[in-house]
Each structure stands twice: as structure tokens, then as C-alpha cells.
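**Q** Numbering (our numbering), first residue to last: 1 to 363. Just so it is clear, CB atoms sit at the ideal spot from N, CA and C, and this is done for glycine as well.
(1) Beta-carbon within less than 6 angstroms of residue 280's beta-carbon, same chain only, minus the 5 sequence neighbours each way: which residues are those?
(2) For residue 208, list the residues DSSP reports as bridge partners.
(3) For residue 294, does the count of other Cβ atoms within 10 angstroms reach 16, so buried, or fall short, so exposed?
(4) Counting only the same chain and skipping the five closest in sequence on each side, list residues whose C-beta sits under 6 angstroms from that of residue 82.
(5) Applying the criterion that 16 or more other CB atoms from any shown protein chain within 10 Å of the CB defines a buried residue, is residue 291 buried or exposed?
(6) Should residue 333 and residue 358 be called a contact, given that it needs their Cβ atoms to be closer than 8 angstroms?
(7) Which residues in the same chain as residue 353 place their Cβ atom closer than 6 angstroms to its Cβ, once the five residues preceding and following it in sequence are excluded?
(8) Applying the criterion that 16 or more other CB atoms from any shown protein chain within 10 Å of the CB defines a buried residue, is residue 169 buried or exposed?
(9) Ignoring anything shorter than 3 residues, give me the beta strand (DSSP E) runs that lie fully in the segment 82 to 144, in order along the chain.
(10) With 16 other CB atoms within 10 Å as the buried threshold, where does residue 15 fall?
(11) So what's residue 248 in DSSP terms, helix, strand or just coil?
(12) For residue 235, which of 218, 216, 259 and 244 has the nearest alpha-carbon?
(13) Write down the C-beta distance between residue 94 and residue 136 rounded to the nearest angstrom, noting that I regard them as a contact closer than 8 angstroms.
(14) By Cβ distance, which residues of its chain are closer than 8 angstroms to residue 219, with the 5 residues on each side in sequence left out?
(15) Starting from residue 296, trace the alpha helix (DSSP H) both ways and give me its first and last residue.
(16) Going by C-alpha distance, which of 215, 341 and 178 is nearest residue 243?
(17) List in chain order: all unbroken alpha helix (DSSP H) runs of 4+ residues lying wholly within the segment 44 to 82.
(18) Tell me the rounded alpha-carbon separation between residue 172 and residue 223.
(19) Is the segment 37 to 53 close to the segment 335 to 347, with three or more CB pairs under 8 angstroms?
(20) Could you tell me how far apart the beta carbons of residue 70 and residue 8 are, in whole angstroms, since I believe they sit closer than 8 angstroms?
(21) Which one of 42, 318 and 87 has the shortest CA to CA distance from residue 158?
(22) Quick one, are the C-beta atoms of residue 108 and residue 88 less than 8 angstroms apart?
(23) Following the continuous alpha helix (DSSP H) through residue 264, name the residue where it begins and the one where it ends.
(24) Can you tell me which of the three DSSP states residue 174 falls into?
(25) Extract the residue ranges of the beta strand (DSSP E) inside the segment 12 to 48, only unbroken runs of 3 or more that lie entirely within it.
(26) For the beta strand (DSSP E) containing residue 2, name the first residue and the last one.
(27) Buried or exposed for residue 320, going by 16 or more other Cβ atoms inside 10 Å?
(28) For a test of the three-state rule: what should DSSP assign to residue 182, helix, strand or coil?
(29) DSSP on residue 203, reduced to helix/strand/coil?
(30) Less than 8 angstroms between the C-beta atoms of residue 105 and residue 30, yes or no?
(31) Inspect the beta-carbon positions of residue 296 and residue 185 and report whether they are closer than 8 angstroms.
(32) DSSP three-state call for residue 162: helix, strand or coil?
(33) According to DSSP, simplified to helix, strand and coil, what is residue 214?
(34) Exposed or buried, residue 365, counting other C-beta atoms within 10 Å across all chains shown (16 or more means buried)?
(35) Does the separation of the CB atoms of residue 74 and residue 44 fall below 8 angstroms?
Right under this line is the structure:
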């Protein structure tokens with residue numbers, strides 16, 4: 001039996017190759033998953049860009065003898081095609097973290113009616129959030145009619161959810177408005193939606209490129225939508241910034257514009273790949289020091305506080321409202337084959353994907 005995988009060179013992200021490799025017999029208590037579908041979003045580009053720093057390359061080691069290669073993680077659906085585990089049946093479908101490939105072997109542990117974790121040794125050093133697989137037959141979030149939306153929006157939405165949760169726990173640091181960069185990105189839209197529901201007194205200002213102004217306005221998620229070059233027109237009220245772009249020049253402009261009125265500077269993701277930076281290009285910035293938010297760590301604390309059942313209900317409540325808000329704003333395009341995944345990844349890496357489109361791959 002063979003497996004098809006897309007291998008990416010870690011130090012040259014535009015070098016992506018579709019390869020086939022032999023796979024051995026399934027290990028004891030393991031399960032073989034056939035990858036049915038996954039989405040390719042800006043989130044996956046972030047995984048590649050910061051891969052070594054956060055261990056994203058370690059989840060799915062490529063089947064190759066060459067050094068320096070990795071597989072970009074995706075979020076999607078899979079079906080059990082072979083099982084050596086008495087608790088997991090052939091034919092069961094799951095949702096979770098998958099490789100840009102057509103199959104994956106996992107070793108289920110912590111098995112409940114709703115989920116299980118992959119206990120494969122090389123995945124254990126990373127956040128447990130990424131090792132969890134939801135069993136669709138007992139998943140309260142699952143909607144068969146909206147599986148594509150879940151792949152496209154789900155992980156990004158949850159990052160937005162946990163940012164709002166964190167900000168509310170800190171009373172938004174005394175701010176009366178939040179500025180979101182890369183406002184057309186699905187993570188920013190997720191945060192804007194949850195903040196609209198849970199933090200209605202905090203004004204939501206979306207920053208975006210001129211070409212995306214109409215799209216961002218059409219979502220109805222922001223109180224104000226502003227082009228990057230028009231940042232100087234934004235009121236200098238007490239502000240929290242959430243930077244999804246990873247553009248050091250833009251971050252510096254935000255700090256310089258708001259100065260001491262900037263109460264908290266949060267860094268999440270990196271959608272502006274060609275201009276990615278960390279803390280304003282190495283220059284000292286006015287206002288608070290930017291802080292990188294790693295969503296999985298916050299989710300571990302969130303579920304420890306609320307438990308999986310209650311925490312899941314809290315997320316589901318805002319998730320369904322978000323889906324209603326964005327319905328029809330994004331055209332979902334389904335493409336067959338892993339080569340389409342490779343091509344889409346490269347186009348997205350180069351900024352060539354329209355934010356009004358969501359791409360789903362069926363390997």
C-alpha cells in the first residue's frame with residue numbers, strides 16, 4: 001500500500017512536491033484514516049511560516065529519507081478504513097488535524113463517545129489541542145450540511161473565540177475599541193463575530209487592503225472598516241490591537257498612531273507572508289510591548305476551567321451565530337486531488353487567493 005503526501009522544504013516554503021511512499025502494516029491498537037477532505041486557509045500558511053518555532057512540522061513526519069522536508073497540517077474530515085483498536089470501528093468518521101496527504105495512522109487514546117486523542121509518541125510534545133479527534137456520530141458541533149464551512153472557518157473561528165474570551169477576562173484592558181488587521185481573514189472575522197456577540201460595547205474596527213474594503217463591509221461584522229493607508233483617520237480612543245497580518249511596518253504604524261492610547265498589542269498569525277516580522281521590525285515601539293498569543297495554550301486553560309462539555313457549548317453557541325452571519329459571503333470551491341492542494345497552498349503562500357473564496361480539497 002502507498003500513501004501520497006505533499007512535502008514542503010522548510011527553508012524554502014515555495015518548494016512543494018507531491019510524492020508517493022510505501023506504508024507498512026498497521027500497528028497494534030492503531031487506526032488507519034483515509035483523508036476525505038480538508039481546507040487550505042491562511043491558518044495553514046501560518047503553520048508553515050512558524051513551523052519550527054511552534055513544532056508544527058513535527059505532527060506529521062514525511063515518509064522520506066531526505067532532511068529538511070515537512071508536511072503542512074490541515075483541518076478536515078477522515079474515515080476509518082482499517083482498525084486494530086476494539087473501540088474504533090471501520091467506517092467511523094472523524095474531524096481533526098490531518099496532514100496534506102491522503103491517509104494517516106493514529107493510535108487512539110483517552111477514548112470517549114465524543115472524541116479520542118492520537119497518542120503516537122512523536123505527537124506528544126506538542127499541544128494536546130491538535131491531537132484530539134472528534135467522533136462525528138456524537139459531536140454536537142457537527143452539521144452534515146456544513147462540513148465544508150467547518151473546515152474553512154472552524155479552527156480560525158475558535159482562535160477568534162479564545163481571543164475574545166481572553167480579552168473579556170482582562171476587561172479588554174480598559175479599551176473601548178479593538179483594531180483588527182487583515183480584517184478579511186477568517187480568524188479576524190471569527191473574533192469580530194464573537195466580540196459582536198459577547199463584547200458589544202467594544203467597537204470593532206477592521207483594517208484591510210483597499211481591494212478588500214467592500215468584502216469586509218459586506219460581512220457586517222465590523223463597526224468600521226478602514227484601509228491600511230487611512231489608519232490616521234481612526235479615533236485615538238483607548239484601543240486594543242489584534243494583529244493577524246504579521247507585517248512589521250503596519251504594526252509600527254499602529255503603535256505610533258495610538259501611542260499611550262494603545263492598551264494592549266496582541267500578535268496572532270502572519271497573513272502578510274512577504275512582510276512578516278515580529279515586533280515592529282526591531283525598532284522600539286511606543287505603547288505596550290506586543291505579546292504573541294498562542295491559542296492552543298489558552299484553550300487548554302479554557303477547557304480546564306469549564307470542562308469539555310460546558311466549554312463546547314460555549315463555543316457552539318457563538319459558532320452557529322457566526323455561520324449565520326457569514327453565510328453567502330464566501331464562495332466555497334471544492335477541488336479534487338492532492339496536486340490541487342499543493343497548487344492552492346502555493347497560491348495562498350503568494351497571496352493569490354481571493355478572501356471571498358474558501359478552498360476545500362478532496363484528496
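**A** Looking at the coordinates:
(1) Because the pLDDT of residue 280 is 43, which lies under 50, any placement of that residue in the model is unreliable, and the number read from its coordinates should be weighed accordingly. 248, 251 and 252, listed in sequence order.
(2) 227
(3) Burial call: exposed.
(4) Excluding positions up to five away in sequence, the list reads 26 and 32.
(5) exposed
(6) yes
(7) 347
(8) exposed
(9) With a minimum length of 3 residues, the continuous beta strand (DSSP E) runs that stay inside the segment 82 to 144 are 93 to 99, 103 to 106, 115 to 118 and 132 to 135.
(10) exposed
(11) Residue 248: helix per DSSP, three-state reduction.
(12) 259
(13) 6 angstroms
(14) 189, 192, 325, 326 and 329
(15) 295 to 326
(16) 178
(17) 51 to 54
(18) 17 angstroms
(19) yes
(20) 6 angstroms
(21) 318
(22) yes
(23) Premise fails: residue 264 lies in the beta strand (DSSP E), 262 to 267, not in any alpha helix (DSSP H).
(24) helix
(25) Given a length threshold of 3 residues, each whole run of the beta strand (DSSP E) inside the segment 12 to 48 is given here in chain order: 12 to 22 and 31 to 40.
(26) The continuous beta strand (DSSP E) containing residue 2 extends over residues 2 to 9.
(27) Residue 320 is exposed by the Cβ-count criterion.
(28) coil
(29) In the structure shown, residue 203 sits in a strand (DSSP, three-state: E or B).
(30) yes
(31) no
(32) helix
(33) helix
(34) A query on residue 365 cannot be resolved here, the shown segment of the chain reaching from 1 to 363 and no further.
(35) yes
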